[in-house]
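Counted from 1, the sequence shown has number 225 at position 226 by numbering that gives the first Met the number 0; the numbering is strictly sequential.
In this text, a Cβ means the ideal position worked out from N, Cα and C, and glycines have one as well.
All remarks here apply to the structure that follows.
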Amino acid sequence: MKSRWTNVTVVTPSAEVAADLLIDGERIAGLVPAETSVGDDWQVIDGGGAILFPGSIDLLQHGYGEHLYNDTEQGAVAANSQVLLRNGVTGFLPSISCLPPKDMEPTLRRLAAQTREATGARALGVHSEGPVFGSPGAHNPENIQLPSVELAERMLAATDGRLKAVTLAPEKPGAEGFIRTLKAAGVSIHFGHSMARPEDIPRYVSWGIDAVTHMYNVMPTYPPGNMGVHVVSLTDALIAEPTLALGLVCDGIHVEPQMVRLLAQLPADRVFLETDAMKYAGTPGATFEFYP
Numbered sequence: 000m001k002s003r004w005t006n007v008t009v010v011t012p013s014a015e016v017a018a019d020l021l022i023d024g025e026r027i028a029g030l031v032p033a034e035t036s037v038g039d040d041w042q043v044i045d046g047g048g049a050i051l052f053p054g055s056i057d058l059l060q061h062g063y064g065e066h067l068y069n070d071t072e073q074g075a076v077a078a079n080s081q082v083l084l085r086n087g088v089t090g091f092l093p094s095i096s097c098l099p100p101k102d103m104e105p106t107l108r109r110l111a112a113q114t115r116e117a118t119g120a121r122a123l124g125v126h127s128e129g130p131v132f133g134s135p136g137a138h139n140p141e142n143i144q145l146p147s148v149e150l151a152e153r154m155l156a157a158t159d160g161r162l163k164a165v166t167l168a169p170e171k172p173g174a175e176g177f178i179r180t181l182k183a184a185g186v187s188i189h190f191g192h193s194m195a196r197p198e199d200i201p202r203y204v205s206w207g208i209d210a211v212t213h214m215y216n217v218m219p220t221y222p223p224g225n226m227g228v229h230v231v232s233l234t235d236a237l238i239a240e241p242t243l244a245l246g247l248v249c250d251g252i253h254v255e256p257q258m259v260r261l262l263a264q265l266p267a268d269r270v271f272l273e274t275d276a277m278k279y280a281g282t283p284g285a286t287f288e289f290y291p
């Protein structure tokens, strides 16, 4: 089916454009001025002044609405995929937190299977935030594990090809083998919950780290000392690595607006938005216990 959306404003990577949007099947065929003729075989749809923009992809999402992905309730991913699509999200990574060691693999196994059931927004795989942390943040510190090749292999086996991202602290002993094993399997390695030294970041990147989870959060942000010559901080070191994509929770609470403006000056492929959403996101006033 070929459709022509009229009376719309289309958001592109460079501007907002008042033009007609052409869609051929499942692909965008182009933008044309309203007065341009493209033939009679296009179904005309009046957008009623709507703004059309690319769907959002959320790479860190622990839950939404009534569902927390740690709980792996039957149908949770499928249900959330429908709600998320209605809210402009077209792809997401259901994410687990730093779980008790005995629960991690069974949870990964069930969640990976559930990602195949999504019929709304695409469940692109699973993101494991943990269990290798240097700083727990809101996660249970009792669940932190040391990295190893064997741990990576167990996580991969549990997810049957659906493990797409792992957040970790690369300064922990054994991290290099852990990272390289996951990377060889096509997993995106995200730096996070770390107390790493700034001078070590280039070495960690060489192991395979390609992204940062919630930039500025749960990591040291100020250089030590108070000298006339600026000392590099951990966040400075992360920004300095040109191959790192920096995840940002841009809700006006997690990161100060001035820091957001700083990141906005980087090339477009260096920064991506993520929600780190939890159960009851989108449900004002509701609360729950993240871990016992």
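How big is the Cα-Cα spacing for residue i and residue j?
i	j	result
Asp40	Leu59	41 Å
Ala78	Glu72	10 Å
Ile143	Pro130	5 Å
Pro266	Ile238	11 Å
Met277	Val211	19 Å
Asp250	Asp23	35 Å
Thr180	Pro219	27 Å
Ala285	Glu65	10 Å
His213	Phe287	22 Å
Tyr215	Leu261	12 Å
His253	Ala164	21 Å
Leu67	Met103	15 Å
Glu128	Val228	36 Å
Ala236	Leu107	32 Å
Gly110	Ala157	Residue 110 is actually Leu in this sequence, not Gly. Roughly 10 Å between the two C-alpha positions.
Gln264	Pro53	21 Å
Gly74	Phe91	16 Å
Glu25	Val259	34 Å
Ser96	Val230	33 Å
State the CB to CB distance for the pair residue i and residue j, rounded to an integer number of angstroms; the pair is presumed to be in contact (CB under 8 Å).
i	j	result
Ile44	Trp4	5 Å
Ala17	Thr8	5 Å
Ser94	His126	4 Å
Pro197	Ala174	Going by Cβ atoms, the distance from Pro197 to Ala174 rounds to 17 Å, so no, they are not a contact pair.
Gln42	Val76	Rounded, the Cβ-Cβ distance is 33 Å, inconsistent with contact.
Asp57	Thr282	Not a contact, Cβ separation roughly 17 Å.
Ala28	Leu21	4 Å
Gly48	Asn6	6 Å
On a CA-only basis, which of the options is nearest residue i? Give me that one, please.
i	options	result
Phe177	Leu155, Pro197, Tyr215	Leu155
Ala244	Thr234, Met103, Gly74	Thr234
Pro100	His66, Val217, Pro140, Gly207	Pro140
Tyr221	Asp70, Asn69, Ser80, Ser232	Ser232
Gly124	Met214, Tyr215, Gln42, Ser80	Ser80
Val217	Pro53, Ala75, Tyr279, Ser134	Ser134
Leu162	Val186, Lys182, Pro172	Val186
Asp209	Ala151, Arg269, Asp159	Arg269
Ala183	Ala122, Glu152, Ser2, Thr158	Glu152
Ala122	Val259, Asn6, Leu84	Leu84
Would you list the residues sitting across from residue i in a DSSP beta bridge?
i	result
Tyr63	His66
Ser127	Ile95, Val165
Gln42	Ser2
Thr8	Ala17, Ile50
Ala209	Note that residue 209 corresponds to Asp in the displayed sequence, not to Ala. Answer is none; Asp209 lacks a bridge partner.
Val88	Ser55
Val31	Asp19
### Segment contact, 8 Å Cβ cut-off, at least three pairs: the segment 192-205 with the segment 165-183
In this structure the segment 192-205 lies against the segment 165-183, because at least three pairs of beta carbons, one per stretch, are closer than 8 Å.
#### Entry: Touch test, the segment 19-33 against the segment 61-70, Cβ-Cβ under 8 Å, three pairs minimum
By the Cβ rule, the segment 19-33 does not count as touching the segment 61-70, because fewer than three pairs are nearer than 8 Å.
### Message
Is it the case that the segment 107-124 contacts the segment 200-209, given that we only count it when at least three CB pairs across the two stretches are under 8 Å?
### Response
With the cut-off at 8 Å, the segment 200-209 and the segment 107-124 do not touch.
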